[in-house]
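Undergrad: Counting in numbering that gives the first Met the number 0, the sequence shown runs from 0 upward without gaps. The C-beta atom is built at its ideal place from N, Cα and C for all residues, glycine as well. In this text the structure is predicted, and so the values were computed from the model without any measurement. I'd like to ask you about the structure that follows.
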Amino acid sequence: MFTYRDILQGMVHGNMGYILAFIGILALFWYLQSPAFKGAVGEKRVNSSLKSNLNAQEYYLLADLTLPTTNGTTQVDHIVLAQSGIFVIETKNMSGWIFGSADQARWTQVLRRHKSQFQNPLRQNYKHIKVIQSLLGIEFCQLHNLVVFVGPAKPKTKMPPNVLWGLRGLPNYIRSTQPEYFSDSQLQHFRTTLLSNALEANRETKRAHIKHVKTNATRQKNDKSKCPRCSAQMIERTNKKTGEKFFGCSRFPKCRGMRQVEK
Numbered sequence: 000m001f002t003y004r005d006i007l008q009g010m011v012h013g014n015m016g017y018i019l020a021f022i023g024i025l026a027l028f029w030y031l032q033s034p035a036f037k038g039a040v041g042e043k044r045v046n047s048s049l050k051s052n053l054n055a056q057e058y059y060l061l062a063d064l065t066l067p068t069t070n071g072t073t074q075v076d077h078i079v080l081a082q083s084g085i086f087v088i089e090t091k092n093m094s095g096w097i098f099g100s101a102d103q104a105r106w107t108q109v110l111r112r113h114k115s116q117f118q119n120p121l122r123q124n125y126k127h128i129k130v131i132q133s134l135l136g137i138e139f140c141q142l143h144n145l146v147v148f149v150g151p152a153k154p155k156t157k158m159p160p161n162v163l164w165g166l167r168g169l170p171n172y173i174r175s176t177q178p179e180y181f182s183d184s185q186l187q188h189f190r191t192t193l194l195s196n197a198l199e200a201n202r203e204t205k206r207a208h209i210k211h212v213k214t215n216a217t218r219q220k221n222d223k224s225k226c227p228r229c230s231a232q233m234i235e236r237t238n239k240k241t242g243e244k245f246f247g248c249s250r251f252p253k254c255r256g257m258r259q260v261e262k
């Protein structure tokens with residue numbers, strides 16, 4: 000077993016075995032800090048909580064499904080099939096302070112004075128819901144959009160009741176939902192339908208889905224009709240001092256995103 004001291008001494012003397020060990024440690028450290036690893040850990044925690052706290056005879060749990068769409072694929076973290084509806088759950092394993100609201104296209108994370116934006120997870124999950132609604136042929140009101148933050152992140156703005164913080168409230172939220180829409184036979188049929196339409200969980204499926212997500216992100220970034228900050232619609236405005244035209248966010252003054260008019 001290599002110690003850190005052995006590795007450093009080996010690198011000084013050009014020992015390839017120690018150099019490779021050091022590279023392996025760096026790669027492992029990078030992976031443990033990556034969003035992909037944190038996301039996988041968060042999803043496992045949610046899956047474990049749902050299995051432990053929901054009766055398997057009443058609730059059917061599906062996890063990590065990649066479903067086909069009209070223009071690619073969509074990956075759903077968790078689906079709970081219950082008589083009170085279909086619960087579609089998006090998991091976020093994050094730290095820091097979270098700012099956002101139901102109608103904002105992008106939310107803000109503040110971590111150690113560093114600000115970054117991410118897509119409103121309710122809107123992200125809405126796309127999953129529409130795919131599932133189409134596959135099952137049910138009404139939109141029979142589906143529930145749920146987002147659960149499982150990391151130490153704290154909300155700093157008022158959040159909708161279907162955005163949950165921590166795992167404790169998730170099973171209770173599902174169990175307390177009324178009214179009942181479906182029979183057990185319907186739920187079993189829904190389960191079969193979703194599983195039969197889901198793509199096989201392998202590396203190729205994951206690569207194709209990641210490629211699709213990146214392509215969509217690039218397309219949205221290059222869409223000049225959308226605000227570069229929050230993705231809301233841009234409106235042509237005039238600078239009162241200079242008379243110059245520019246595009247400003249329709250959500251001004253809440254968002255001050257802008258883009259110059261191309262000449």
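How big is the Cα-Cα spacing for residue 208 and residue 238?
TA: If you number the sequence shown from 1, residue 208 lands on position 209. If you number the sequence shown from 1, residue 238 lands on position 239. Caution applies to residue 208, whose pLDDT of 42 falls short of 50 and renders its modelled position unreliable; the value that the coordinates give is listed next. So the two alpha carbons sit approximately 43 angstroms from each other.
Undergrad: Could you spell out the range, first to last residue, of the beta strand (DSSP E) harbouring residue 67?
TA: Taking the first residue of the sequence shown as 1, we reach residue 67 at position 68. It spans 59 to 68 - the beta strand (DSSP E) in which residue 67 sits, taken as one unbroken run.
Undergrad: Less than 7 angstroms between C-beta atoms, sequence neighbours within five positions excluded: which residues of the same chain meet that for residue 132?
TA: For the purposes of this step, residue 132 is taken as the residue at position 133 of the sequence shown. The residues are 139, 142.
Undergrad: Would a C-beta distance cut-off of 7 angstroms place residue 110 and residue 94 closer than the cut-off?
TA: Working through the sequence shown from its first residue, we reach residue 110 at position 111. Working through the sequence shown from its first residue, we reach residue 94 at position 95. Yes, these two residues count as a Cβ contact at 7 angstroms.
Undergrad: What is the DSSP secondary structure of residue 273, reduced to helix, strand or coil?
TA: No statement about residue 273 is possible, as the shown extent of the chain runs from 0 to 262 and does not include it.
Undergrad: Is the region 181 to 195 touching the region 79 to 86, taking contact as three or more C-beta pairs under 8 angstroms?
TA: As far as the Cβ criterion goes, the region 181 to 195 touches the region 79 to 86, which means the pair count is three or higher.
Undergrad: Ends of the alpha helix (DSSP H) at residue 129?
TA: Position 130 of the sequence shown, counted from the first residue, corresponds to residue 129. Unbroken alpha helix (DSSP H) run through residue 129: 120 to 135.
Undergrad: Given 8 angstroms as the limit, is there contact between the region 113 to 122 and the region 49 to 56, that is, 3 or more CB pairs closer than that?
TA: Short answer: they don't touch.
Undergrad: Can you give the beta carbon distance from residue 121 to residue 144, rounded, assuming they're within the 8 angstroms contact cut?
TA: Within the sequence shown, numbered from 1, the residue matching residue 121 stands at position 122. Within the sequence shown, numbered from 1, the residue matching residue 144 stands at position 145. Correct: roughly 6 angstroms between the Cβ atoms.
Undergrad: Nearest to residue 161 by alpha carbon, out of 136, 152, 173, 126?
TA: Locating residue 161 in the sequence shown gives position 162, where the first residue counts as 1. Of the candidates 136, 152, 173, 126, the one whose C-alpha sits nearest the C-alpha of residue 161 is 173.
Undergrad: Skipping 5 residues on each side, what residues in its chain have a beta carbon closer than 6 angstroms to that of residue 127?
TA: As a working mapping, residue 127 is identified with position 128 in the sequence shown. Answer for residue 127: 73, 75, 87, listed in chain order.
Undergrad: To which residues does DSSP link residue 115 through a beta bridge?
TA: Within the sequence shown, residue 115 is the residue found at index 116, counting from 1. Note: residue 115 sits in a beta bridge opposite 108.
Undergrad: In angstroms with no decimal places, state the Cα-to-Cα distance between residue 195 and residue 65.
TA: On the sequence shown, residue 195 is found 196 positions in, with the first residue counted as 1. On the sequence shown, residue 65 is found 66 positions in, with the first residue counted as 1. Each residue's alpha carbon lies about 11 angstroms from the other.
Undergrad: Would you mind reading off the limits of the beta strand (DSSP E) that contains residue 259?
TA: Locating residue 259 in the sequence shown gives position 260, where the first residue counts as 1. Residues 257 to 259.
Undergrad: Just curious, the beta strand (DSSP E) that residue 236 is in, first and last residue?
TA: Position 237 of the sequence shown, counted from the first residue, corresponds to residue 236. Element bounds for residue 236: 233 to 237.
Undergrad: Within 10 angstroms of its Cβ, does residue 103 collect 16 or more other Cβ (buried), or is it exposed?
TA: Taking the first residue of the sequence shown as 1, we reach residue 103 at position 104. Looking at its Cβ environment, which holds 16 or more other Cβ atoms inside 10 Å, residue 103 is buried.
Undergrad: Helix, strand or coil: which one does DSSP assign to residue 76?
TA: Along the sequence shown, one-based indexing puts residue 76 at 77. Note: residue 76 maps to strand in three-state DSSP.
Undergrad: Take the Cβ of residue 57 as the centre, count every other Cβ of all protein chains shown within 10 Å, and call the residue buried at 16 or more, exposed below.
TA: Numbered from 1 along the sequence shown, position 58 holds the residue referred to as residue 57. Its Cβ having fewer than 16 others within 10 Å, residue 57 is exposed.
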